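And the structure:
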């Protein structure tokens, strides 16, 4: 009788261990746990850490709520001219708010990114390509594709899935038919040569302009020196003229005083009161 009881006890311990093993599960940091029972999503969610659930009846999914990057690969795209090109890789950096996990999983399942990001990227890229030619998609407007995709995705997410935010979109250069690619490379080579020639011409023109300005500065400098020298000579001449005029007036005044002194009846009396009439010698 003791042996069957021991067997049942061992079996019970094993079953309990298996039950506990499948009941305990871990939610990693930066994730939120969602639960299903009989295929129906339960309203309860769990934070990071260890949790219990009923095995077999209940299953769980761990949903990331930190910044993540979804990659969409090999997206075909037809331009308005009928050329088919392929975008090899498109990276969508996005973040799901933890408070929005339940509603988004309920509406779009735990694989919400397939509906809200992957499918939307295909749709938006084809919309863009179909309204532009190859030159615009491959060259002229390529630098705008990233931001245009981000805005288009986010605009829809505001209505369809509040709480899911697209931080950035990175698009690699699309693959185009080989012959067209070679033509573009040849064209880019010619553009590069032309740009180099234009830059050389600008350098030559700049050097010529610098030489011209230097010559003008030198000429202005010489002209200013000549002007200063000429003004100095004029000032010297004017100074000499003024000195000559002063000397002439002085002589005239002196002669006038002499004549005046000679014409007076009593020279000694005048010399006494007018020192200018006194003569030396």
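Residue numbers (the numbering used here): 9 to 289. By construction, the Cβ of each residue, glycine as well, lies at the ideal position given by its N, Cα and C atoms. Computed from a predicted model, the values in this text were never measured in an experiment.
Going by DSSP in three states, residue i sits in which element: helix, strand or coil?
i           : result
residue 121 : helix
residue 109 : helix
residue 46  : coil
residue 36  : coil
residue 77  : strand
residue 244 : helix
residue 104 : strand
residue 99  : strand
residue 84  : strand
residue 277 : Unreliable placement is indicated for residue 277, whose pLDDT of 49 sits below 50; the coordinate value is still reported in the next sentence. Residue 277 falls in the helix class under three-state DSSP.
residue 289 : For residue 289, the pLDDT reaches just 44, beneath the cut-off of 50, and the residue's location in the model is therefore unreliable, although a value from the coordinates is still provided. Residue 289: coil per DSSP, three-state reduction.
Going by the CB atoms, is the gap between residue j and residue i shorter than 7 Å?
i           : j           : result
residue 87  : residue 145 : yes
residue 71  : residue 101 : no
residue 98  : residue 147 : no
residue 4   : residue 114 : Because the chain here runs from 9 to 289, residue 4 falls outside it and cannot be looked at.
residue 142 : residue 91  : yes
residue 80  : residue 126 : yes
residue 75  : residue 103 : yes
For residue i, I'd like the list of residues in its chain whose CB is within less than 6 Å of its CB, leaving aside the five on either flank, ordered along the chain.
i           : result
residue 158 : 174, 177
residue 54  : 35, 41
residue 69  : 42, 118
residue 215 : none
residue 133 : 83, 85
residue 120 : 112
residue 198 : none
Check whether the Cβ of residue i lies closer than 7 Å to any Cβ atom in chain D.
i           : result
residue 224 : Protein chains in the displayed structure number just one, and chain D is not present.
Excluding five sequence neighbours on each side, which residues of the same chain lie with their C-beta closer than 8 Å to the C-beta of residue i?
i           : result
residue 105 : 73, 171, 172, 173
residue 94  : 82, 83, 84, 85, 182, 183
residue 65  : 45, 46
residue 192 : 146, 147, 184
Can you tell me where the beta strand (DSSP E) holding residue i begins and where it ends?
i           : result
residue 126 : First-last for residue 126: undefined, no H or E at that position.
residue 71  : 66–72
residue 90  : Run containing residue 90: none; DSSP gives neither H nor E here.
Can you give me the Cβ contacts of residue i inside the same chain, cut-off strictly under 7 Å, excluding the 5 residues immediately before and after it?
i           : result
residue 124 : 116, 165, 168, 169, 172
residue 37  : 56
residue 109 : 40, 42, 53, 71, 73
residue 253 : none
residue 32  : 58, 60
residue 288 : With a pLDDT of 46 at residue 288, under the threshold of 50, the modelled position of that residue is not reliable, and the figure given next carries that caveat. So the list is empty, once near-sequence residues are dropped.
Got a sec: does the ligand COA put a non-hydrogen atom nearer than 6 Å to the Cβ of residue i?
i           : result
residue 190 : As far as ligands go, the structure on display features none, and thus does not contain the ligand COA.
Subject >> Inside the stretch 139–227 only - beta strand (DSSP E) runs reaching at least 3 residues >> reply: If you keep only unbroken beta strand (DSSP E) runs of at least 3 residues inside the stretch 139–227, you get 172–179.
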